[in-house]
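Undergrad: To start, I am sharing the structure in question, which I have written as structure tokens.
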Amino acid sequence: MSTIKTYEIIMVPDPVLRETAQAITRVDDAIRKQMDRMLQTMYDAPGIGLAANQVNLLNRVLVMDLSKREEETAPAEPIFMANPEIIWESEEMSVMEEGCLSIPRQYADIERPAQVRVKYLDYHNKEAELTADGLLSHCVQHEIDHLNGVLFVDYLSRLKRNMMLKKVEKLKKHQEM
Ligand code: GNR
Ligand code: NI
2 MSTIKTYEII
12 MVPDPVLRET
22 AQAITRVDDA
32 IRKQMDRMLQ
42 TMYDAPGIGL
52 AANQVNLLNR
62 VLVMDLSKRE
72 EETAPAEPIF
82 MANPEIIWES
92 EEMSVMEEGC
102 LSIPRQYADI
112 ERPAQVRVKY
122 LDYHNKEAEL
132 TADGLLSHCV
142 QHEIDHLNGV
152 LFVDYLSRLK
162 RNMMLKKVEK
172 LKKHQEM
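Each residue of the sequence shown is one higher than the one before, starting from 2 at the first, in my numbering.
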């Protein structure tokens with residue numbers, strides 16, 4: 002069992018999800034503690050990614066782990082990023098079904114660049130780069146969007162977006178979440 006404290010996940014329409022998170026100076030012990038807590042919060046949810054805005058923090062920190070998606074027993078492969086920047090994106094595009102822990106039980110096909118290269122500070126404050134494709138590419142773009150106040154529903158028509166946001170309101174009223 003884990004002794005790591007978790008955060009509460011913020012849901013739409015909370016305005017913190019529309020704010021731009023601020024760059025951090027360096028990854029220090031306090032940021033590492035935040036990263037550990039965010040990872041545990043994400044595992045508990047469960048989800049494959051989580052950005053700081055979603056736990057009411059406005060610094061540019063995100064966590065991801067795609068390892069447990071199919072196999073519960075697979076070893077954890079967490080990825081921690083601070084100040085992530087997309088330094089290259091492919092012309093090729095990719096469509097995948099996305100969901101968001103801040104927009105519960107709503108899913109939609111989203112088109113994004115198929116591959117991206119991301120520069121960031123890792124858990125040890127070292128500069129690192131990651132080239133992502135497939136689900137990891139969608140996930141890292143989805144998380145960086147969060148840090149910029151952007152949600153996956155923003156890529157949909159106003160009609161579809163409003164339908165999803167209304168459905169979440171209804172779920173909340175009926176306490177189905
Ligand atoms: O758990 C999540 N699944 C997911 C699926 C496709 C594309 C992106 C994601 S991220 C999401 C968790 C979340 O809301 N992260 O911000
Ligand atoms: Ni999300």
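We treat Cβ as the ideally placed atom computed from N, Cα and C, and that holds for glycine.
1) For residue 122 versus residue 84, is the C-beta distance shorter than 8 Å?
2) Looking at residue 80: is its Cβ nearer than 8 Å to the Cβ of residue 42?
3) Could you spell out the range, first to last residue, of the beta strand (DSSP E) harbouring residue 177?
4) Rounded to the nearest angstrom, what separates residue 37 and residue 110 at their Cα positions?
5) Indicate whether the contact test is met: 3 or more Cβ pairs, each with one atom in the region 114-134 and one in the region 169-177, closer than 8 Å.
6) Looking only at its chain, what residues have a beta carbon closer than 6 Å to the beta carbon of residue 154, apart from the 5 residues adjacent to it on each side?
7) According to DSSP, residue 118 sits in a beta bridge with which residue or residues?
8) Tell me, which residues are paired with residue 63 by DSSP?
9) On the DSSP bridge list, what partners appear for residue 99?
10) Could you give the DSSP three-state label for residue 94: helix, strand or coil?
11) Using a Cβ-Cβ cut-off of 6 Å (strictly less than) and excluding sequence neighbours within five positions of residue 20, which residues of its own chain qualify?
12) So, are the CB atoms of residue 119 and residue 141 less than 8 Å apart?
13) Does DSSP classify residue 179 as helix, strand or coil?
14) Once you ignore the five residues that flank residue 93 on each side, which residues in its own chain have a CB closer than 8 Å to its CB?
15) Quick one: measure Cβ to Cβ for residue 49 and residue 67, integer angstroms, because I've assumed they're closer than 8 Å.
TA: By the coordinates alone:
1) yes
2) no
3) No beta strand (DSSP E) contains residue 177, which DSSP labels as neither H nor E.
4) 30 Å
5) no
6) 162, 165
7) 89, 132
8) 52, 82
9) 109
10) strand
11) 59, 150
12) yes
13) Lying before the first or after the last residue shown, residue 179 is absent from the chain, which here runs from 2 to 178.
14) 114, 115, 116
15) 5 Å
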